[in-house]
Amino acid sequence: MLDKIWFICSISLILLILFRLPNKGSIQNFNMGNDILGSPQTTSDKLNQLVWFLTVVFLVLSSYKSL
Numbered sequence: 921m922l923d924k925i926w927f928i929c930s931i932s933l934i935l936l937i938l939f940r941l942p943n944k945g946s947i948q949n950f951n952m953g954n955d956i957l958g959s960p961q962t963t964s965d966k967l968n969q970l971v972w973f974l975t976v977v978f979l980v981l982s983s984y985k986s987l
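Residue numbers 921 to 987, in the working numbering, belong to the letters of the sequence shown in order.
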């Protein structure tokens with residue numbers, strides 16, 4: 921069960937990080953300043969919180985698996 925949660929968490933993190941475009945000025949290779957769907961700031965904040973939550977869950981489960 922924990923392996924499935926760990927796998928879903930890792931795939932979700934990869935997809936969220938790959939599909940989100942950086943803000944203007946953070947990486948010079950991307951010249952687009954808008955989010956991928958033109959979403960407002962609150963949606964961007966919620967996605968940032970989701971990425972951080974999934975990162976923490978992933979790290980906790982990874983450390984648990986290594987024991």
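Glycine included, C-beta positions come from ideal geometry on N, C-alpha and C.
Asked                                                                                                             : Found
Give the straight-line distance between the Cα atoms of Trp972 and Trp926, rounded to the nearest whole angstrom. : 15 Å
Out of curiosity, what's the CA-to-CA distance linking Val977 and Gln961?                                         : 24 Å
In angstroms, rounded to a whole number, what distance separates the CA positions of Ile931 and Leu979?           : 14 Å
Between Leu974 and Leu933, is the Cβ-Cβ spacing less than 8 Å?                                                    : yes
Going by C-alpha to C-alpha distance, which of Leu970, Ser986 and Thr963 sits closest to Gln929?                  : According to the sequence displayed, residue 929 carries Cys and not Gln. The residue with the shortest Cα to Cα distance from Cys929 is Leu970.
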